[in-house]
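Please read the structure below before turning to the comments.
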Amino acid sequence: MLFSNSVLGTSKNYSLKTIKDIAALANVSIGTVDRVIHNRPGVSEKTRASIEKLIKEHNFQVNKTARTLALNKKYDIAVLIPESESDSDFWNFPRKGIEKASEEIEIHRTSVRYFYFNQFDPNAFNKAFDELLEDSFDAVLLTPIFLEETQERLKHLERRNIPYAFINVELPNSNNVLYIGQHSYDSGTLAAKLMSLLLGSDADTLVIKVRKDNNHHSSIDNRISGFKSYFTAKKSTSTIYDVVLPNTKDQNAINEIISNQLVNSEIKGLFVPSSKVSLVARFLETAKLQHLKLIGYDLNDENIHYIKNETIDFLIDQNAFFQGYEGTKTLFNYLINDIIPEKNIYLPIKLLTKENVEYL
Numbered sequence: 000m001l002f003s004n005s006v007l008g009t010s011k012n013y014s015l016k017t018i019k020d021i022a023a024l025a026n027v028s029i030g031t032v033d034r035v036i037h038n039r040p041g042v043s044e045k046t047r048a049s050i051e052k053l054i055k056e057h058n059f060q061v062n063k064t065a066r067t068l069a070l071n072k073k074y075d076i077a078v079l080i081p082e083s084e085s086d087s088d089f090w091n092f093p094r095k096g097i098e099k100a101s102e103e104i105e106i107h108r109t110s111v112r113y114f115y116f117n118q119f120d121p122n123a124f125n126k127a128f129d130e131l132l133e134d135s136f137d138a139v140l141l142t143p144i145f146l147e148e149t150q151e152r153l154k155h156l157e158r159r160n161i162p163y164a165f166i167n168v169e170l171p172n173s174n175n176v177l178y179i180g181q182h183s184y185d186s187g188t189l190a191a192k193l194m195s196l197l198l199g200s201d202a203d204t205l206v207i208k209v210r211k212d213n214n215h216h217s218s219i220d221n222r223i224s225g226f227k228s229y230f231t232a233k234k235s236t237s238t239i240y241d242v243v244l245p246n247t248k249d250q251n252a253i254n255e256i257i258s259n260q261l262v263n264s265e266i267k268g269l270f271v272p273s274s275k276v277s278l279v280a281r282f283l284e285t286a287k288l289q290h291l292k293l294i295g296y297d298l299n300d301e302n303i304h305y306i307k308n309e310t311i312d313f314l315i316d317q318n319a320f321f322q323g324y325e326g327t328k329t330l331f332n333y334l335i336n337d338i339i340p341e342k343n344i345y346l347p348i349k350l351l352t353k354e355n356v357e358y359l
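In numbering that gives the first Met the number 0, the protein residues as written are 0 to 359.
Spelled out as structure tokens, the structure:
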């Protein structure tokens, strides 16, 4: 229903329910009524006054979704996210959320088109974003992993007045209509507190990043900052070491790098600020070092396996499916129903252990 009439028992012997009814009664086109409703030019003052009088007399409220259908209007949303390496890869889960939302909004003549990139390759990101910019979209949902590259291309969206929203990664000082994801800094602080509870605040720890490029992905960097700040605030005497693993499937190379970090050190805990924590868990099992405490992120089949056998002590879940689903639905409502969301929607920092992972 395009309009709802809240005045019951009206003296009129007709009921105006749609924009088509208004147009028929006023003897004008549907487009003319739409221009009046949205105060657009191209309508004579006499016609405008007549239509406004009808709307006022019957206390009509606009339902934009129905109006979209009546006017045969279509909306296209672009999605720019990293490609999934496997079904258990983190980025497979927000994609599934986006797909679920897409199915729900398809009936409202809103479609979604995907642009994928390698999350470790800024050139692949640039290519995918540039391809997106070659076409015309009503809104864009993206993950701004590469800072400078994103900022440069957002200017093109802004010049075209195309709204955009972020999932998983925040980009401060941007004109996005929405960010949905965790507060990365606070989640890192939580990880540090957990580590301190496991080992004491003065135990040495190792922070392990799994990225070829060390200068991007602000969410991971913010988690690490939050982790380190906790120990600084506690005036801890511990040493926090850092290592960056290659983006490789060569487990032997990964094992060697971590082993070299552990030699001649007093490291008792390992913090992996990403979903790749299973790479480290596999090393601990192979080296029979499960006594070391391990904290990481996100649910996937491999991580579930290692938390069940307690090689991983804690996982912090980001609710990746919901990020994709809610990000898409929020952009849809922004476009269709003029619903302006809170700019930052921080999701709960959900803590998972062997004892509760089965109940999610």
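Even glycine gets a Cβ: it sits at the ideal position worked out from N, Cα and C.
Excluding residues up to 5 positions away in sequence, Tyr345 lie with their Cβ nearer than 7 Å to the Cβ of histidine 182 in the same chain. Contact fails between the segment 107 to 120 and the segment 291 to 298, because fewer than three Cβ pairs, one in each stretch, are under 8 Å apart. Contact between threonine 46 and leucine 177 fails: their C-beta atoms lie close to 38 Å from each other, not under 8 Å. Sorting Val42, Ser43, Ile50 and Arg34 by C-alpha distance to the C-alpha of aspartate 20 places Ile50 at the top. Boundaries of the beta strand (DSSP E) around glycine 295: 292 to 296.
DSSP, reduced to helix, strand and coil, places arginine 152 within a helical segment of the structure shown.
Sorting Phe124, Asp249 and Val279 by C-alpha distance to the C-alpha of glutamate 301 places Val279 at the top. For the pair isoleucine 80 and leucine 131, the CB atoms are not nearer than the 9 Å cut-off. In the three-state scheme derived from DSSP, where H, G and I count as helix and E and B as strand, leucine 351 is classed as strand.
Look at the beta carbons and you see the segment 191 to 210 touching the segment 257 to 275: at least three pairs across the two are nearer than 8 Å. In the three-state scheme derived from DSSP, where H, G and I count as helix and E and B as strand, arginine 108 is classed as coil. Burial check for tyrosine 305: the Cβ neighbour count within 10 Å reaches 16 or more, so the residue is buried. Taking a 10 Å sphere around the C-beta of glutamate 325, we find 16 or more other C-beta atoms and assign the residue as buried.
Remark: C-beta atoms of phenylalanine 89 and serine 273 approach each other more closely than 9 Å. Residue pairing from DSSP places phenylalanine 270 in a beta bridge opposite Val206 and Ile294. Counting C-beta pairs closer than 8 Å gives fewer than three between the segment 159 to 168 and the segment 194 to 202, which falls short of the contact rule. Judged by DSSP in its simplified three-state form, asparagine 91 adopts helix. Counted as a single uninterrupted DSSP element, the stretch harbouring tyrosine 305 is not any beta strand (DSSP E) but the alpha helix (DSSP H) occupying residues 300 to 307.
For glutamate 354, the closest C-alpha among the options Pro347, Ile311 and Asn343 is that of Ile311. One alpha carbon belongs to threonine 352, the other to phenylalanine 226, and they sit about 19 Å apart.
A straight line joining the alpha-carbon of isoleucine 223 with that of asparagine 254 spans about 22 Å.
In its chain, beyond the 5 residues on either side, Leu140, Asn175, Val176, Leu177, Gly326 and Leu330 have a beta carbon closer than 6 Å to the beta carbon of alanine 164. Considered as a whole, the segment 213 to 284 harbours 239 to 244 and 266 to 270 as its complete beta strand (DSSP E) runs of no fewer than 3 residues, in chain order. Using a Cβ distance threshold of 9 Å, leucine 189 and isoleucine 348 count as a contacting pair. In the DSSP annotation of this structure, the continuous segment of the beta strand (DSSP E) that includes glycine 180 starts and ends at 177 to 180.
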